[in-house]
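Enquirer: Submitted below is the structure of interest, expressed as structure tokens.
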Amino acid sequence: MNRVWGMLRWVREKMNIKLALVVLVMGTGLSMGYIGYRRISGKQALPEPKKVVTGGGAPIPGDPAEFATPAAAEAPVYDPHAPVGAPTQPPPFAFNSNAYGTPATTPPADSTPPAYSADTGAPAQLAPYQPVVAGDNAAYAADPAQPPAEEAPLPSAPPDGQPAPFNSFAAAPGDPPANPIRGSASLSDDPATEPTPTEAMQPNAYAPPGYDSAPTEPIPTAYNPMPLRSAPLSLAPETASPNSYAPQVAATDLAEPAPRALGGYSSSAAASPRDAGARSEATGQGTPGERHFEGAQTPALTLEKVAPAEIQVGKLATFELHVKNVGQIPAQQVQVTDQIPRGTQLVEAKPQFQRAADGTLVWPLGTMQPGDEKVIQLQVMPQAEGEIGSVAQVTFAATATARSISTRPLLTIEHSAPEKLLIGETLNMTITVSNPGTGAATGVVVEEDVPQGLSHQSGNELEYEIGTLRPGESKRMELTLRADKAGIIKNTIVVRGDANLAAQHEINIEVIAPQLQVGVVGPKKRFLERPATYTVSVSNPGTAAARDVELVAYLPRGMKFVETDSQGTYDPQQHAVFWSLQELPATKAGNVKLTAMPQEVGDQKLRIEGRADLGLNTAFEQVVSVDAAAELIHTIADLSDPIEVGSDTTYEVKVTNIGTKSATNIRISAMLPPELKALSGEGPTRAANDGSRVIFEPLARLNPQEEAVFRIQANAQKAGDFIIRVQISSNEWPNPVTREESTRVYLDR
1 MNRVWGMLRW VREKMNIKLA LVVLVMGTGL SMGYIGYRRI SGKQALPEPK KVVTGGGAPI
61 PGDPAEFATP AAAEAPVYDP HAPVGAPTQP PPFAFNSNAY GTPATTPPAD STPPAYSADT
121 GAPAQLAPYQ PVVAGDNAAY AADPAQPPAE EAPLPSAPPD GQPAPFNSFA AAPGDPPANP
181 IRGSASLSDD PATEPTPTEA MQPNAYAPPG YDSAPTEPIP TAYNPMPLRS APLSLAPETA
241 SPNSYAPQVA ATDLAEPAPR ALGGYSSSAA ASPRDAGARS EATGQGTPGE RHFEGAQTPA
301 LTLEKVAPAE IQVGKLATFE LHVKNVGQIP AQQVQVTDQI PRGTQLVEAK PQFQRAADGT
361 LVWPLGTMQP GDEKVIQLQV MPQAEGEIGS VAQVTFAATA TARSISTRPL LTIEHSAPEK
421 LLIGETLNMT ITVSNPGTGA ATGVVVEEDV PQGLSHQSGN ELEYEIGTLR PGESKRMELT
481 LRADKAGIIK NTIVVRGDAN LAAQHEINIE VIAPQLQVGV VGPKKRFLER PATYTVSVSN
541 PGTAAARDVE LVAYLPRGMK FVETDSQGTY DPQQHAVFWS LQELPATKAG NVKLTAMPQE
601 VGDQKLRIEG RADLGLNTAF EQVVSVDAAA ELIHTIADLS DPIEVGSDTT YEVKVTNIGT
661 KSATNIRISA MLPPELKALS GEGPTRAAND GSRVIFEPLA RLNPQEEAVF RIQANAQKAG
721 DFIIRVQISS NEWPNPVTRE ESTRVYLDR
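According to UniProt numbering, the sequence shown holds residues 1 to 749 in order.
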């Protein structure tokens, strides 16, 4: 049993070893396959940065082929933002959503020719690149994943169909690039060394990471290959990215145009960088170039450096630089730079060169036409053994131009309407919008804020979208409004368009309307059964004639209609009087008469109403206070007249209340002359007699239409004509009313 268990353990151990071997072999195969695929596809990882030995012309450890210019590359996809270069070369950088500087792919280490021998292969094609902007962003960082500091976005394009405002892009902060787009490349017959560039050239796009050399002062040149900046360029530190020599794009945001008053025109807008604290404006000075500079400008140069495979100390050696324009257009401002190899001494150079501050040799070659080739020879005397070589570089500029026709769209608007219209009528407004400018006006919208006094069924804020209005084009439209309120109304209509275009137009519209006012003039207090005559008036203080005017006087129940004039009609059913008028002109008035009789005591309300077309309606009321009154009348008569001396006669006094109210506390007294002697008094109340005067006690009440009779007896004492006086008063009539009666007394003997 133990032997069996031992066999099983041995088999398991052998199986584990075999399984491990199988896994190891498969892993190795997969790794080798992946490495091969990466090499074939050209997508192997970037080499680790190598330590750079500072100093002009010193070789850099490593394979020299790593730093040679690639012989060919895939044709790039057209990018309007990419710099101008040879169509067969990869762009220096591509734009994406994350950053503007995409690291260039490092060429495979085994794709370059061996050092120290003539390159028998095709010379490398050089693509132009943009110069680095001086300032804080002089070079990109070393980390390919890290974008340049304070990167600015590309400028926004104006809306489709809208001409860009003048001066819409401002200069970027700092010194602007002084050069047009340039090309740059370097070739070497030796391991790459670190050249110190002058202001007139840029580092190679395929230079190794850690390219660290101090900047130099600008080199004066008789060829004037390019304008120089006032400050040298700064190269990236050791942490620089392989993409550190890609150009820094100085981009600005298209700023919104400043607000502008209506009716004016603004043709420019300020633009400023995204990180700028204040807006800046720059005045344009450029003009279109020659026609042959239009379109894609793709000059291409090849730079080939030829060196002997072996040189000897103390024996002259010749190095050659071959520069050729293999493109289809001229290359501008061509400039070749090289350094004297370390361990040698320069004896002669053809053509003559210029020397930079750090010893770099500079050949400004000017303009090279398509097919031109130039050869530079350097004779050096070797002084030391070892690897001898240097890095040469060529830079050039591509000139491109484009032209646009700058137009200025303008907007004008006019509208017309009747100067006067009657309230309630519709107003037809004619609107004309024109573009007298030279460019198409886009986004054109007509706006109407309906003023108070006018109305539209859709509301007070109206818009009509026209869209695009071509130069010289006009559009006409109509707007219908309703007049709701009388008066002079100012209407303002506005047209707006893209690029802050706006115009407005104003007109005054007078809305006329009739008005009605009614009134009544007459007694405000009346006693019962006392007729009252009233003047009823109607007027039109408005600005238009009132039509189909109707005037109505509604009588109260306590007043009776008596009469009227002006063909008034009394309607007993409504207890009202009606007058009709076909038209009452503006500012005119009319009057009619009305007589009524108060029938009831109290406040009687007389109501006057006026009506007319357009819904006119007005009213006026007057209250008439009606009261009742006690009105006493009395008469006196002698029952016997004439009488003899010594005879008696009776005087009868009748008191009647002919008023509408009871008389109270009625007082009666009679006064006789001395020739007549009062004997007694009879009546509803007792009488007091002193011989010459009879006074009755007051009668408490005498109702309307009632009568009271009082009698006075007297004796004639002497012949002659004598007068008796009777006075009556009451609470309602406190002042006594006197009546007289004459009696003749004669002697009968």
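Yeah, the Cβ is synthetic: ideal placement off N, Cα and C, and Gly gets one too.
1) Whole angstroms is fine: what's the gap from R526's alpha carbon to N731's?
2) So, under 8 angstroms CB-CB, A483 and E425 are touching, yes? Tell me the CB distance rounded to an integer number of Å.
3) DSSP three-state label for L365, please.
4) Keeping to the same chain, check which residues put their C-beta closer than 8 angstroms to that of A629; ignore five residues upstream and five downstream.
5) Determine the DSSP secondary structure at T543, reduced to helix, strand or coil.
6) Tell me the DSSP secondary structure of L479 in three-state form.
7) Helix or strand or just coil, what does DSSP make of R693?
8) Name the DSSP bridge partner or partners of F527?
9) In chain order, what residues of the same chain have a beta carbon less than 6 angstroms from the beta carbon of S669, not counting five sequence neighbours either side?
10) Within its chain, find whatever has a CB closer than 6 angstroms to the CB of E631; leave out the 5 residues flanking it on each side and keep chain order.
11) Under 8 angstroms, do E609 and V552 count as touching if we go by C-beta distance?
12) Between the alpha carbons of P523 and T595, how many angstroms are there, rounded?
13) Identify every residue that forms a DSSP beta bridge with M597.
14) According to the neighbour-count rule (16 or more other Cβ atoms, all chains shown, within 10 Å of its Cβ), is T564 buried or exposed?
15) Once the 5 residues before and after E465 are set aside, which same chain residues still bring their CB inside 7 angstroms of it?
16) Give the list of continuous beta strand (DSSP E) stretches no shorter than 3 residues that lie fully inside the region 620-673.
17) Take the Cβ of K420 as the centre, count every other Cβ of all protein chains shown within 10 Å, and call the residue buried at 16 or more, exposed below.
18) Measuring straight from C-alpha to C-alpha, what distance separates I712 and T650?
19) Can you grab the Cα-Cα spacing for the pair Q582 / N703, in whole Å?
20) If you draw a straight line from the alpha carbon of residue 761 to that of G443, how long is it in whole angstroms?
21) Who pairs with Y34 in a beta bridge, going by DSSP?
22) According to DSSP, is L19 part of a helix, a strand, or is it coil?
23) Return the bridge partner residues of Q339 from the DSSP annotation.
24) Could you check whether the Cβ of E304 sits closer than 7 angstroms to any heavy atom belonging to the ligand SAM?
25) Taking the alpha carbon of E600 as the point to measure from, which residue in F578, A612 and V624 has its own alpha carbon closest?
26) Alpha carbon to alpha carbon, how far is K677 from N689?
27) Along the chain, where does the beta strand (DSSP E) containing P382 start, and where does it finish?
28) Using three-state DSSP, classify V577 as helix, strand or coil.
29) Using the three-state DSSP reduction, which class does T533 fall into: helix, strand or coil?
30) Where do the ends of the beta strand (DSSP E) carrying I488 lie?
31) Is the region 466-474 touching the region 427-436, taking contact as three or more C-beta pairs under 8 angstroms?
32) So, using beta-carbon positions, are M381 and T344 closer together than 8 angstroms?
33) Ignore the nearest five residues each way along the sequence and tell me which others in F722's own chain have a CB closer than 6 angstroms to its CB.
34) Are there three or more Cβ pairs, one per stretch, closer than 8 angstroms when the region 535-550 is compared with the region 585-592?
35) Check whether the region 609-621 touches the region 543-560, counting contact only when three or more Cβ pairs, one atom from each stretch, lie closer than 8 angstroms.
36) What's the C-alpha gap between Q573 and R557?
Expert: Taking the geometry as given:
1) 20 angstroms
2) 6 angstroms
3) strand
4) F527, L528, G659, T660, K661 and E732
5) coil
6) Correct three-state label for L479: strand.
7) strand
8) Its beta-bridge partners are D627.
9) I695 and Q727
10) Only I658 and G659 meet the Cβ criterion.
11) Result yes, Cβ atoms of E609 and V552 sit closer than 8 angstroms.
12) 11 angstroms
13) K560
14) buried
15) V445
16) 632-638, 648-657 and 663-671
17) exposed
18) 6 angstroms
19) Answer to the nearest angstrom: the Cα atoms are 52 angstroms apart.
20) Given that the chain is displayed from residue 1 to residue 749, the structure contains no residue 761 and the question cannot be resolved.
21) DSSP lists no partner for Y34.
22) helix
23) According to DSSP, which records beta bridges pairwise, Q339 is partnered with nothing at all.
24) This structure does not include the ligand SAM; it has no bound ligands of any sort.
25) V624
26) 10 angstroms
27) E373 to P382
28) strand
29) strand
30) G487 to G497
31) yes
32) yes
33) P673, E675, L676 and T743
34) Taking 8 angstroms as the limit for Cβ pairs, the verdict is that the region 585-592 does touch the region 535-550.
35) yes
36) 12 angstroms
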